[in-house]
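Below: one structure, written as C-alpha cells.
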Amino acid sequence: MQNPRFMQRTETPLQSLYEHNYWLFRLVLPQPPEDDGWYILRAPQRAALYLRCTGRHAYTSEWLLGHFYPTRQQRRFAPDYRIRVYHDARLAEAMLDADLPVRALRAAKRAQNRALAEWLDYCRRHQYRLDGATQTAPLLDSA
12 MQNPRFMQRT ETPLQSLYEH NYWLFRLVLP QPPEDDGWYI LRAPQRAALY
62 LRCTGRHAYT SEWLLGHFYP TRQQRRFAPD YRIRVYHDAR LAEAMLDADL
112 PVRALRAAKR AQNRALAEWL DYCRRHQYRL DGATQTAPLL DSA
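Per our numbering, the sequence shown starts with residue 12, numbered consecutively.
In C-alpha cells form, the structure reads like this:
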C-alpha cells in the first residue's frame, strides 16, 4: 500500500497524521490487551516487538512500543515510541518529552508522528500480530 497523498506533502497537518496513526495502530493491534503486562508482537522472520500499556483512562490509553535489545548498553528499547491513543476521537499520537518553543515543537511533533506512521505501516505490511500471552519476565531496564 502506498502512502496516502497527504503523507507525501512536506507540511502534513498534525490532525491528519494522528488520524492515520490511529488507523494503522488499530490494524496492527485490533484488540489491545486488557492488562498492563509486556506483550510480544511477532512477524515471520522479523525481530519481535514489545508492547505495554502504561496508562488507561476513560477516553485514552498510553502505550510503549518497540524492539528490545538486551545486549546493548544504551537505547535497549528502540524505537522507543510512547503512543497516546484517544479512543473516542480515533486519534493516536507519538508523545514527545521535548521542551521546545511552539514552532519547533510543532515541527518535532510532525517529524515524530510521521516516523511513527511509517513504522506502524512497516508493522502492518510485515503482519506483526499479538502473541497472546503476557511476557513472564518484565523488561525492567528499558533505558
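Glycine included, every Cβ here is placed at the ideal spot set by N, Cα and C. Note that this is a predicted model, so its numbers are computed, not measured.
Through-space distance from residue j to residue i, alpha-carbon basis
i: Gly66; j: Arg95; result: 9 Å
i: Cys64; j: Glu73; result: 6 Å
i: Gln29; j: Gln84; result: This sequence places Tyr at residue 29; Gln is not what is there. Near 33 Å, if we compare the C-alpha coordinates of Gln84 and Tyr29.
i: Tyr80; j: Phe88; result: 6 Å
i: Gly8; j: Pro41; result: Residue 8 is absent from the structure shown; the chain starts at 12 and stops at 154.
i: Ala60; j: Thr82; result: Per the sequence presented here, residue 60 reads as Leu, with Ala not at that position. One C-alpha to the other measures close to 16 Å.
i: Ile51; j: Ala105; result: 20 Å
6 Å Cβ shell around residue i - same chain, five flanking residues per side excluded
i: Cys134; result: Val39
i: Tyr33; result: Arg101, Leu102 and Ala103
Residues of its chain near residue i, where Cβ-Cβ distance is below 8 Å and the 5 sequence neighbours each way are ignored
i: Trp130; result: Pro90 and Tyr92
Neighbourhood of residue i by C-beta distance below 7 Å, restricted to the same chain and skipping five residues each side
i: Thr147; result: Low confidence applies to Thr147: its pLDDT is 44, below 50, so where it sits in the model is not reliable, and the reading given next is rough at best. So no residue of the chain qualifies.
i: Ala109; result: Leu116 and Ala119
i: His137; result: Ala54 and Arg57
Burial state of residue i, where buried means 16 or more other Cβ atoms lie within 10 Å
i: Ala128; result: buried
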